[in-house]
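Working notes for the structure below.
Residue numbers (the numbering used here): 1192 to 1708.
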């Protein structure tokens, strides 16, 4: 490739030969020459690995004659057609290196074919890797949980997964997890010189704009942000913490979300992050530990996020169905986030040639690791084990709660059945007693009452006896009284069973005491 234009032609020829991985790169970057927000910084190193100087890359730095003559690192912040062509042509970089870094959201935004992974046997002769991680940021506001995308998304599409574990704290805020990429490529010479390229993301703006893509029309929001945990850093050696605190700037220089600024500062103090017997360049070491630091913070946040979900509400008798559905939806979204983290981490391990499963040896520990390369591998394995353990623990806790819910529902159903049986027997007893009372009432009202009145009239004697002058009083009082008594009895018998049925018909009530629709 003798010119910058030939690199573009090489990409097109590979696409025509059947490389779909590069189609995404060609569409989003190589056919968009107006992209001007990417920056390229070049750093030079001495023979002992110390940083000598740095500045913006010039045209002479991309001359093929300068390749392999010194030890230098190109830091490309963002992607643009200009710098991809210059770096790719000068250093003869495989286009897949830039394409892998561009695919920031994996299968969520584009054709599945463009996310095809490269086999280890094919990748053996290259010295490059692409690592993904999630950066936790604090959103100064309360936003509903969901999957969003940053605006403007430009060419590097970035997901922002919003969680809101503010239920157990006084300061209400939401937490966003931004998908981040960092890539490294290196070519060495026989004299010990090297030319390396580090691809890092553009830092987030002070005012963050994002939109929910699960509703139509798209729901947009704007907010300020700050680092979650105050700019958490955990990869300085323990015995160098005093030196780290002495050299670390006290302002927000390292807390603005810029990977390039963090890398530049740490390259000036590599002794804080390395160890004796190093077989890995400081650039690779620090870039991977930046990613590892974010992974450890992400796992810590995932624990807190899960613990903020009130699983006890699933088995509470006073929680409405709407709230139970909300909790189940929260659990589903959380489990999807765990699955995504596991997928990203497995891809990282594949890029770094680290087995994704335990090999059973268990020989490598922090005590017997002799170099930063071994410690770095140990750290990646630790993050993998922690994430896998938390996934299993989350599933165990959810399954336990759901099992308790199933047992509780079975017990409620059994209690409802027993209660209905008791109520049915009680209803039968009341019905039988009512029938006996009705019979007795009929006897008393139809026979005894008129007879009692007749006896009362006849017992008066004299003119009230049969055949005498006032005997008609018997008919004038006894007959209307009997008719009135029977009418009142019929009315009483018609309304009394309905009232009794309303008091004992409890089989229509649910276990919570509410009417079932």
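C-beta: ideal position from N, C-alpha, C; glycine also.
Distance, residue j Cα to residue i Cα
i            : j            : result
residue 1601 : residue 1341 : 47 Å
residue 1513 : residue 1310 : 47 Å
residue 1625 : residue 1672 : 25 Å
residue 1681 : residue 1675 : 10 Å
residue 1594 : residue 1338 : 29 Å
residue 1437 : residue 1462 : 13 Å
residue 1420 : residue 1199 : 43 Å
residue 1491 : residue 1247 : 37 Å
residue 1239 : residue 1521 : 52 Å
residue 1404 : residue 1579 : 29 Å
residue 1207 : residue 1197 : 15 Å
residue 1213 : residue 1221 : 10 Å
residue 1774 : residue 1608 : The shown model of the chain, from 1192 to 1708, leaves out residue 1774, and the question about it has no answer.
residue 1376 : residue 1218 : 23 Å
residue 1604 : residue 1685 : 35 Å
residue 1541 : residue 1370 : 18 Å
residue 1280 : residue 1567 : 32 Å
residue 1447 : residue 1409 : 28 Å
residue 1367 : residue 1323 : 16 Å
residue 1518 : residue 1581 : 19 Å
residue 1585 : residue 1435 : 36 Å
residue 1288 : residue 1483 : 21 Å
residue 1429 : residue 1538 : 29 Å
residue 1683 : residue 1500 : 57 Å
residue 1588 : residue 1328 : 27 Å
residue 1546 : residue 1571 : 10 Å
residue 1670 : residue 1659 : 19 Å
residue 1250 : residue 1256 : 12 Å
residue 1426 : residue 1440 : 16 Å
residue 1630 : residue 1623 : 11 Å
residue 1205 : residue 1258 : 25 Å
residue 1173 : residue 1313 : Because the chain in this structure spans residues 1192 to 1708, residue 1173 falls outside the shown range and cannot be described.
residue 1395 : residue 1590 : 38 Å
Cβ-based neighbour list, residue i, same chain, cut-off 8 Å, excluding 5 preceding and 5 following
i            : result
residue 1334 : 1353, 1355, 1365, 1412, 1414
residue 1515 : 1504, 1505
residue 1278 : 1231, 1253, 1265, 1267, 1284, 1388
residue 1209 : none
residue 1245 : 1232, 1233, 1234, 1235, 1455
residue 1331 : 1364, 1414, 1415, 1416, 1417
residue 1480 : 1426, 1464, 1567, 1570
residue 1224 : 1272, 1273
Same chain, Cβ closer than 6 Å to residue i, five either side skipped, listed in chain order
i            : result
residue 1663 : none
residue 1543 : 1320
residue 1391 : 1268, 1373, 1450, 1451
residue 1677 : none
residue 1710 : Nothing in the structure corresponds to residue 1710, since the chain is present only between 1192 and 1708.
residue 1237 : 1243
residue 1260 : none
residue 1485 : 1324, 1326
residue 1431 : 1463
Expected contact under 8 Å - CB spacing of residue i and residue j to nearest Å
i            : j            : result
residue 1262 : residue 1233 : Going by Cβ atoms, the distance from residue 1262 to residue 1233 rounds to 11 Å, so no, they are not a contact pair.
residue 1574 : residue 1534 : Not confirmed; about 14 Å, so no contact.
residue 1523 : residue 1325 : Between residue 1325 and residue 1523 the Cβ distance is about 19 Å, and since that is not below 8 Å, they are no contact.
residue 1286 : residue 1202 : 5 Å
residue 1592 : residue 1502 : 5 Å
residue 1378 : residue 1282 : 6 Å
residue 1216 : residue 1290 : 4 Å
Residues near residue i by beta carbon distance below 7 Å, same chain, minus five either side
i            : result
residue 1397 : 1415
residue 1473 : 1240, 1458, 1461, 1465
residue 1229 : 1267, 1268, 1269, 1270, 1271, 1274
residue 1632 : 1680
residue 1478 : 1373, 1375, 1389, 1454
residue 1402 : 1339, 1340, 1342, 1409, 1410, 1411
Cutoff 8 Å: residue i Cβ touching any chain C Cβ
i            : result
residue 1611 : Any reference to chain C falls outside this structure, which holds one protein chain only.
Closer than 7 Å: residue i CB and nearest the ligand COA heavy atom
i            : result
residue 1431 : What this structure holds is no ligand at all, so the ligand COA is not there to describe.
4-residue-minimum alpha helix (DSSP H) runs that sit fully inside the region 1462-1530, ordered along the chain: Runs found: 1473-1498.
Hey, is the region 1526-1546 in contact with the region 1604-1618, meaning 3+ C-beta pairs nearer than 8 Å? No, the region 1526-1546 does not touch the region 1604-1618.
Which runs of the beta strand (DSSP E), 3 residues or longer, sit entirely within the region 1383-1461? 1385-1391, 1398-1403, 1410-1418, all fully within the region 1383-1461.
Do the region 1491-1498 and the region 1380-1388 meet, that is, are 3 or more Cβ pairs less than 8 Å apart? Three or more beta-carbon pairs separated by less than 8 Å are not found between the region 1491-1498 and the region 1380-1388, which leaves the two stretches without contact.
List, from N- to C-terminal side, the alpha helix (DSSP H) runs of 4 residues or more that fit wholly inside the region 1575-1610. Under the rule that a run must span 4 or more residues, no alpha helix (DSSP H) segment is found entirely inside the region 1575-1610.
Could you pull out every unbroken alpha helix (DSSP H) segment of at least 4 residues lying fully inside the region 1254-1282, listed in chain order? Counting only runs of 4+ residues, the alpha helix (DSSP H) found wholly inside the region 1254-1282 occupies 1272-1282, in chain order.
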